[in-house]
Amino acid sequence: MSSPTNPASIRLEQVRFAYRAGSPLVLDIEEFVLGEGESCFLHGPSGCGKTTLLGVIAGVLEAQQGRVEVLGEDLRRLSRGRRDRWRGEKLGYIFQMFNLIPYLSVRDNILLPAQLHRGRRGEGLEEMAAALGIADLLDRGVLELSVGQQQRVAAARALIGGPKLVIADEPTSALDAAHRERFLELLLGQARQAGAALLFVSHDQSLKGLFEQQRSLPELNRATRLEGA
Amino acid sequence: MLIASLAWRSLRNRRVTTGLTVLSIALSVALLLGVEALRLSARESFSSTISGTDLIVGARGGGLQLLLYTVFRMGTATNNVKWSSYEAWAKHPAVAWTIPYSLGDSHRGFRVVGTNGSFYERYRYRRTRTVEFAAGRAPRAFDEVALGSDVAAKLGYGLERKISLTHGIGAAGIMDHDDKPFRVVGVLARTATPIDRSLYITLEGMTAIHVGWQQGAPPEPGEELPAAKLTQKDLQPEAITAFLLRAKSRIDTLRIQRDVNNYLDEPLMAIIPGVAMNELWSTVKYAELALEIVGGFVVLVGLLGMLVAIYTTLNERRREMAILRALGMGPARIVALFVMESVLLAVSGCLAGVGLMYVGIIALQGLLEREFGLYLRWQGLQWEHAIYLAIVVGAALLIGLVPAWRAYRNTLSDGLSLRV
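One line per chain: the protein sequences are A and B, in this order.
Under the numbering used here, residue 229 is the last one in the first sequence; the count climbs by one each step, no gaps.
Under the numbering used here, residue 649 is the last one in the second sequence; the count climbs by one each step, no gaps.
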């Protein structure tokens, strides 16, 4: 089974997932490993099971077969409630856009994971906000922010409390080219500083050079290969 | 608590919808409580039409009938009480006071009550209020009359006006006592009870206008006795219609009632006003029930408005749900968030509703008392109201489960995908 010698933040083995029993497989992954503190660019055009894979790794969706080990937890052995708590405490997650709760201030948005979970700490907010260039926005309403500012706030929220894994689902696709690179540098820098592994999914191949590992989801996922054939 | 704080801030963010929803719940709650206050006030107004009287005594017949013609000036008596019987009871050692009523005449549709000084002195309504004069004084001579406030207002009569009474309850002009006109010497202050709708003369006056009458028929022409020729003997009443009685000790009431009912000289009956009033009120129970049912439905409509208001936000809030899921909020807490929003809306609605009702009662009190003789009183927040409000919040909680359940389904099917 898993090799205990090599600690990993994500380890998928023989994972199969379908939305309903009997419906076609959406995911069929033989093996995927992301080492501790490592950054990975996962290339995936739309419709290749990208969001589904992230759902499985984040413990929102439950794989029917195989082994899903994330940050040392065997997710298929955890109950749904335990997985929710685990996700809130240990993971950071950044969406493509609209990351923020519209009725909370920037500060409250960033601190929300710490408020939701006792096991997650909200310290270091000011430093991180300064590093991400949003220090003067903390008490604003989120609707006043530009898209780029919103994504940086989302990054701060994902990184608050020092999670060991940050999952980013096309976080740059709403940004223009100039902001895209800047955002990515900030995100990678902060993740590295926090010792967090970063799983970055995008269809924009131009960014992949900044990552330590580059993978292609269609190659990884046998389910899409079968469908394509 | 975080969920409550999130729910509160989410509601505050949708100010207009939230405000309108709270307003609709507040209006429905105010209406429910207002209807309840109206119901209790009507009941209280009704049952306090007469206070301080232990027994009403009249000729044997229907108890309800006796109550109606003595207290409410409705219907007629079939028999009289002999003056000697009245005197016997008035002087009874266990009796504190009596108020005699002699009925049967009218003036332009308003009843005429022959009574004596103890009516102005002893009669109580709404617990402790007495009959008072807005102008003038009580009639003392047999040709003097005092008017209830409605009578004075509707007919436009003032002091010193001469009026003639009509025999029986019919329209004026058929059998008028125009041989013996009365002079208005007093106008009673408004009581908002049936007292306002009567004219008051002395017992002697009542006797005087019927001198020479036999078997309810007027004297033959030429046989009328002019007022000037009436003697004291002529004015001695032979009978009255009924009398109100107060016992020296409340404990004696039942004994006196039994003794009156067994009185050997003539068939009499005594009723306890409170008991008879309750009996009468129970006949309008259906109206009360109807009011309550309408109130309940009004609240239901208000809460359905809340359901619509929350439900329509569900789609635009799917993104928010996905974010909360990503932050590790379980479906149970998402359900709790939605239910909490409903409960907060309902609680704010209830509070605003109670306030609205207070304002409404203060605003309408004067009008209702003036126009309808209904004394609208807010009895203070009582257990029943607390129970009503708890039911409203409980119903909101149940109704809130509907959008919450839908949101729960959404979060499970959406997972982490952002629906835009």
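Backbone N, C-alpha and C define an ideal beta-carbon position, used for all residues, glycine too.
Which value, in whole angstroms, describes the spacing of the CA atoms of B/Arg340 and B/Leu597?
The residue given as residue 340 of chain B occupies position 111 in the second sequence. The residue given as residue 597 of chain B occupies position 368 in the second sequence. Their backbone Cα atoms lie some 24 Å apart in a straight line.
List the residues of chain E whose Cβ lies closer than 8 Å to the Cβ of A/Ala58, in chain order.
You won't find chain E in this structure, because its protein chains are A and B.
Under 9 Å between C-beta atoms, does A/Arg215 make it to chain B?
Along the first sequence, read from residue 1 onward, the residue named residue 215 of chain A stands at position 215. Taking Cβ atoms only, chain B never reaches closer than 9 Å to A/Arg215, which makes this a no.
Determine the contact status of A/Ala196 and A/Lys164, defining contact as a CB-CB distance below 9 Å.
Here the question's residue 196 of chain A lines up with position 196 in the first sequence. Here the question's residue 164 of chain A lines up with position 164 in the first sequence. Yes.
When burial is assigned at 16 or more other CB atoms within 10 Å of the CB, is A/Glu144 buried or exposed?
As a first step, residue 144 of chain A is located in the first sequence; it is residue number 144 there, counting from the start. It is exposed - the Cβ of A/Glu144 has fewer than 16 other Cβ atoms within 10 Å.
Return the CA-CA distance between B/Leu267 and B/Ile279, expressed in angstroms with no decimal places.
By 1-based counting over the second sequence, the position of residue 267 of chain B is 38. By 1-based counting over the second sequence, the position of residue 279 of chain B is 50. Cα-Cα distance, rounded: 19 Å.
Which residues bound the alpha helix (DSSP H) around B/Trp607?
Locating residue 607 of chain B in the second sequence gives position 378, where the first residue counts as 1. Here B/Trp607 belongs to no alpha helix (DSSP H), and DSSP marks it neither H nor E.
Could you tell me how far apart the beta carbons of A/Ala58 and A/Tyr93 are, in whole angstroms, since I believe they sit closer than 8 Å?
Counted from its first residue, the first sequence places residue 58 of chain A at position 58. Counted from its first residue, the first sequence places residue 93 of chain A at position 93. 6 Å between Cβ atoms; contact.
At least one CB of chain A closer than 9 Å to the CB of B/Arg358: is that the case?
Sequence index remark: in the second sequence, residue 358 of chain B carries index 129 (1-based). For B/Arg358, the answer is no, since every Cβ of chain A falls outside 9 Å of its Cβ.
With three or more C-beta pairs closer than 8 Å as the rule, is the stretch 512-527 of chain B touching the stretch 606-614 of chain B?
no
Could you list which residues in chain B have their beta carbon closer than 8 Å to that of A/Asn99, in chain order?
Here residue 99 of chain A refers to the residue found at position 99 of the first sequence. Near A/Asn99 (Cβ distances below 8 Å), the residues of chain B are Ile552.
List the DSSP bridge partners of A/Cys40.
Looking up residue 40 of chain A in the first sequence gives position 40. Paired residue(s): A/Leu199, A/Gln213.
Compute the Euclidean distance between the alpha carbons of A/Gly44 and B/Gly248, then round it to the nearest angstrom.
Looking up residue 44 of chain A in the first sequence gives position 44. Looking up residue 248 of chain B in the second sequence gives position 19. Going by the C-alpha atoms only, they are around 45 Å apart.
Could you tell me the alpha carbon to alpha carbon distance between B/Pro466 and B/Pro368, rounded to whole angstroms?
Stepping through the second sequence from its first residue, residue 466 of chain B is reached at position 237. Stepping through the second sequence from its first residue, residue 368 of chain B is reached at position 139. Spanning the two alpha carbons is a distance of roughly 16 Å.
What residues match up with B/Met498 in a beta bridge as DSSP calls it?
As a working mapping, residue 498 of chain B is identified with position 269 in the second sequence. B/Gly287, per the DSSP bridge assignment.
For the putative contact between B/Arg351 and B/Ile328, defined by C-beta atoms under 8 Å, what is the C-beta separation to the nearest angstrom?
Here the question's residue 351 of chain B lines up with position 122 in the second sequence. Here the question's residue 328 of chain B lines up with position 99 in the second sequence. With a Cβ gap of about 6 Å, B/Arg351 and B/Ile328 count as contacting.
Quick one: is B/Asn491 buried, meaning 16 or more other Cβ sit within 10 Å of its Cβ, or exposed?
Here residue 491 of chain B corresponds to residue number 262 of the second sequence, with the count starting at 1. Exposed, because fewer than 16 other Cβ atoms sit within 10 Å of the Cβ of B/Asn491.
According to DSSP, what are the bridge partners of B/Thr651?
The question about residue 651 of chain B has no answer, for chain B in this structure spans 230 to 649.
Decide if B/Leu493 is buried, meaning its Cβ has at least 16 other Cβ atoms within 10 Å, or exposed.
For this step, residue 493 of chain B is matched to residue 264 along the second sequence. Looking at its Cβ environment, which holds fewer than 16 other Cβ atoms inside 10 Å, B/Leu493 is exposed.
Report the three-state DSSP secondary structure of A/Ala174 (helix, strand or coil).
Position 174 of the first sequence holds residue 174 of chain A. It is coil, neither helix nor strand.
How is the alpha helix (DSSP H) around B/Ser270 delimited, first residue to last?
Translated into positions along the second sequence, residue 270 of chain B becomes position 41. From DSSP, the alpha helix (DSSP H) with B/Ser270 extends over 244-276.
Using 8 Å as the threshold, is the stretch 86-106 of chain A in touch with the stretch 164-173 of chain A, meaning 3 or more CB pairs across them?
yes
Kindly give me the distance between the Cβ atoms of B/Leu261 and B/Gly524, rounded to whole angstroms, as I take these residues to be in contact under 8 Å.
Translated into positions along the second sequence, residue 261 of chain B becomes position 32. Translated into positions along the second sequence, residue 524 of chain B becomes position 295. With a beta-carbon spacing of about 4 Å, B/Leu261 and B/Gly524 fall inside the 8 Å limit used to define contacts.
Can you give the Cα-Cα distance for B/Ser335 and B/Arg479, rounded to whole angstroms?
Position 106 of the second sequence, counting from 1, holds the residue named residue 335 of chain B. Position 250 of the second sequence, counting from 1, holds the residue named residue 479 of chain B. If you draw a straight line from the Cα of B/Ser335 to the Cα of B/Arg479, it is about 35 Å long.
Per DSSP, what kind of secondary structure is B/Asp372 in: helix, strand or coil?
Against the second sequence, residue 372 of chain B aligns to sequence position 143. Coil.
What separation, rounded to the nearest whole angstrom, lies between the Cα atoms of B/Trp607 and B/Ile590?
Working through the second sequence from its first residue, we reach residue 607 of chain B at position 378. Working through the second sequence from its first residue, we reach residue 590 of chain B at position 361. So the alpha carbons of these two residues sit roughly 7 Å apart.
Identify the continuous beta strand (DSSP E) that holds B/Val413 and give its terminal residues.
Stepping through the second sequence from its first residue, residue 413 of chain B is reached at position 184. Looking at the DSSP string, the run of the beta strand (DSSP E) that includes B/Val413 is 411-417.
I'd like to know whether the C-beta atoms of B/Leu543 and B/Ala255 end up nearer to each other than 9 Å.
Here residue 543 of chain B is taken as the residue at index 314 of the second sequence, counted from 1. Here residue 255 of chain B is taken as the residue at index 26 of the second sequence, counted from 1. Result no, Cβ atoms of B/Leu543 and B/Ala255 do not sit closer than 9 Å.
Would DSSP call B/Ile392 helix, strand or coil?
Along the second sequence, read from residue 1 onward, the residue named residue 392 of chain B stands at position 163. Reduced to three states, the DSSP call for B/Ile392 is strand.
Should the stretch 561-577 of chain B be called in touch with the stretch 621-638 of chain B, which here means at least 3 C-beta pairs below 8 Å?
yes
Reducing DSSP to helix, strand and coil, say where A/Glu31 ends up.
As a first step, residue 31 of chain A must be located in the first sequence, where it is residue number 31. In this structure, A/Glu31 counts as strand in the three-state DSSP scheme.
Any idea which residues DSSP pairs A/Gly141 with across the strands?
Along the first sequence, one-based indexing puts residue 141 of chain A at 141. DSSP output for A/Gly141 lists A/Ser105 as bridge partner(s).
In whole angstroms, what separates the C-alpha of B/Phe472 from that of B/Val342?
Walking along the second sequence from the start, residue 472 of chain B turns up at place 243. Walking along the second sequence from the start, residue 342 of chain B turns up at place 113. Each residue's alpha carbon lies about 12 Å from the other.
Which residues in the same chain as B/Ser239 place their Cβ atom closer than 7 Å to its Cβ, once the five residues preceding and following it in sequence are excluded?
One-based indexing of the second sequence puts residue 239 of chain B at position 10. Glu570.
Taking all protein chains shown into account, decide if A/Glu185 is buried (16 or more other Cβ within 10 angstroms of its Cβ) or exposed.
Taking the first residue of the first sequence as position 1, residue 185 of chain A is located at position 185. That one is exposed.
How would you label A/Arg11, buried or exposed, when you count the other beta carbons within 10 angstroms and need 16 or more for buried?
Along the first sequence, one-based indexing puts residue 11 of chain A at 11. That one is buried.
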